[in-house]
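Participant: Counting along the sequence shown from 1, when you hit position 64 you're at 63 in numbering that gives the first Met the number 0, and nothing is skipped either side. Every residue gets a Cβ at the ideal spot worked out from N, C-alpha and C, and that includes glycine. Computed from a prediction, not measured in an experiment: that's the story for all the values here.
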Amino acid sequence: MAAFYTVLPVPAAPVLVSIIIPTYNEAAGLPALLQYLRVEVNTDVEVLVADGGSSDATAAVARSYGARLVRCPQRGRAVQLNCGAAAATGVILYFLHADTYPPAGFVAAIRAAVAAGAGSGCFRLRFDHPHWLLRLSGWCTRFDVDIIRFGDQSLFVRREVFGQAGGFRPELLLLEDQEIVSRLRRYGPFWVLPASVTTSARKYLENGVVRLQASFMLLTLLYRLGVSQARLVQLYRRLVVG
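1. For I18, I'd like the list of residues in its chain whose CB is within less than 6 Å of its CB, leaving aside the five on either flank, ordered along the chain.
2. With a threshold of 16 other CB atoms inside 10 Å of the CB of I146, please say whether the residue is buried or exposed.
3. Applying the criterion that 16 or more other CB atoms from any shown protein chain within 10 Å of the CB defines a buried residue, is Q79 buried or exposed?
4. Who are the Cβ neighbours of L231 in its own chain at under 7 Å, not counting the five residues just before and after it?
5. Could you tell me the distance, in whole angstroms, from the CA atom of F155 to the CA atom of P21?
6. Hey, how far is the Cα of G120 from the Cα of V191?
7. I need the straight-line Cα distance from A194 to S54, nearest angstrom please.
8. Report yes if the C-beta distance between A77 and F167 is below 9 Å; otherwise report no.
9. Go ahead and label R148 buried or exposed: buried means 16 or more other beta carbons lie within 10 angstroms of its beta carbon, across all protein chains shown.
10. If you draw a straight line from the C-alpha of A84 to the C-alpha of I109, how long is it?
11. What three-state label does DSSP hand M0 in the structure shown?
12. Return the CA-CA distance between R184 and A56, expressed in angstroms with no decimal places.
13. D50 lies in the beta strand (DSSP E); which residues open and close that run?
14. Under the three-state reduction of DSSP, which class applies to C139: helix, strand or coil?
15. Identify whether F155 lies in helix, strand or coil by the three-state DSSP scheme.
16. If you reduce the DSSP assignment to three classes, tell me which class R168 lands in.
17. DSSP on V240, reduced to helix/strand/coil?
18. Applying the 10 Å Cβ sphere with the 16-neighbour rule, what's the burial state of L224?
19. Please tell me whether C71 and G52 are closer than 9 Å, where the distance is taken between their beta carbons.
20. Is DSSP giving A87 helix, strand or coil here?
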């Protein structure tokens, strides 16, 4: 298999957990997340902001909260996540979207899962809006089924497992999160932890909850049927606002 990520040497005294946040023009929402992480985590954790060329104050915000800014060569979530992973020093990598808040005690939960044998895993999902369909979608994420695995749930993975799997496929602009989970399973157990991350429902409210959920279901189905990324991206841009 071609490798999409190069395993770099880990320093002699690595930070145990590296939180990697891909960003593009996230200056408005990033401060709240970084402040939450500052309160929640300890000195055994590093926070990296993997930026895809933001034109706003994202870089300044990241630095002001003590995060490591990683300037990525191009925009694209898969590329940025690989870029952040390459710069990370942790033995556990934790990929987190900029609009998603992990549960209290998440670092301890991740460490415990890895110590118990998990090679990778995620949390369940909760939205910050009470719409019935969003609550149902969140409830379904407790099941260990790849077709309902999305990046909003965040992803933790042992560094060596990430390297063995080859990292994220940079040519994937959509559903890169589902694709990598299927490969990570080959190198160790994948665990869905019982606590929930909380993610923003903003895009659902802008597009209409039912409409956007139906759009995501269609895109996922077409991806599973082998439709090309170019066609999927074209359809996504027609269906989804923002």
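Facilitator: So, from the listed chains and residues:
1. Walking along the sequence shown from the start, residue 18 turns up at place 19. Closer than 6 Å at the Cβ level, and outside the excluded window around I18, lie V46, Y93 and L95.
2. Position 147 of the sequence shown, counted from the start, is the residue given in the question as residue 146. Flag for I146 reads exposed.
3. Counted from its first residue, the sequence shown places residue 79 at position 80. Buried: at least 16 other Cβ atoms inside 10 Å.
4. One-based indexing of the sequence shown puts residue 231 at position 232. Result list for L231: L173, L218, L221 and Y222, in chain order.
5. Here the question's residue 155 lines up with position 156 in the sequence shown. Here the question's residue 21 lines up with position 22 in the sequence shown. Each residue's alpha carbon lies about 14 Å from the other.
6. For the purposes of this step, residue 120 is taken as the residue at position 121 of the sequence shown. For the purposes of this step, residue 191 is taken as the residue at position 192 of the sequence shown. So the alpha carbons of these two residues sit roughly 6 Å apart.
7. Sequence index remark: in the sequence shown, residue 194 carries index 195 (1-based). Sequence index remark: in the sequence shown, residue 54 carries index 55 (1-based). Spanning the two alpha carbons is a distance of roughly 35 Å.
8. Looking up residue 77 in the sequence shown gives position 78. Looking up residue 167 in the sequence shown gives position 168. Cβ distance < 9 Å, so A77 and F167 count as in contact.
9. By 1-based counting over the sequence shown, the position of residue 148 is 149. Label assigned to R148: buried.
10. Your numbering for residue 84 matches position 85 in the sequence shown. Your numbering for residue 109 matches position 110 in the sequence shown. Each residue's alpha carbon lies about 17 Å from the other.
11. Residue 0 sits at position 1 when you count from the first residue of the sequence shown. Note on M0: pLDDT 48, under 50, position unreliable in the model; no value is reported.
12. By 1-based counting over the sequence shown, the position of residue 184 is 185. By 1-based counting over the sequence shown, the position of residue 56 is 57. Going by the C-alpha atoms only, they are around 37 Å apart.
13. Locating residue 50 in the sequence shown gives position 51, where the first residue counts as 1. Per DSSP, D50 belongs to the beta strand (DSSP E) from V44 to D50.
14. Reading the sequence shown from its first residue, position 140 is the one you call residue 139. When DSSP states are grouped into helix, strand and coil, C139 belongs to the helix group.
15. Working through the sequence shown from its first residue, we reach residue 155 at position 156. In this structure, F155 counts as strand in the three-state DSSP scheme.
16. The residue given as residue 168 occupies position 169 in the sequence shown. Three-state result, R168: coil.
17. The count along the sequence shown starts at 1 and reaches residue 240 at position 241. If DSSP states are grouped into helix, strand and coil, V240 belongs with coil.
18. Translated into the one-based positions of the sequence shown, residue 224 becomes position 225. L224 is exposed by the Cβ-count criterion.
19. In the sequence shown, residue 71 corresponds to position 72, counting from 1. In the sequence shown, residue 52 corresponds to position 53, counting from 1. It is a contact, given that the beta carbons lie within the stated cut-off.
20. The sequence position of residue 87 within the sequence shown is 88, counting from 1. The three-state secondary structure of A87, taken from DSSP, is coil.
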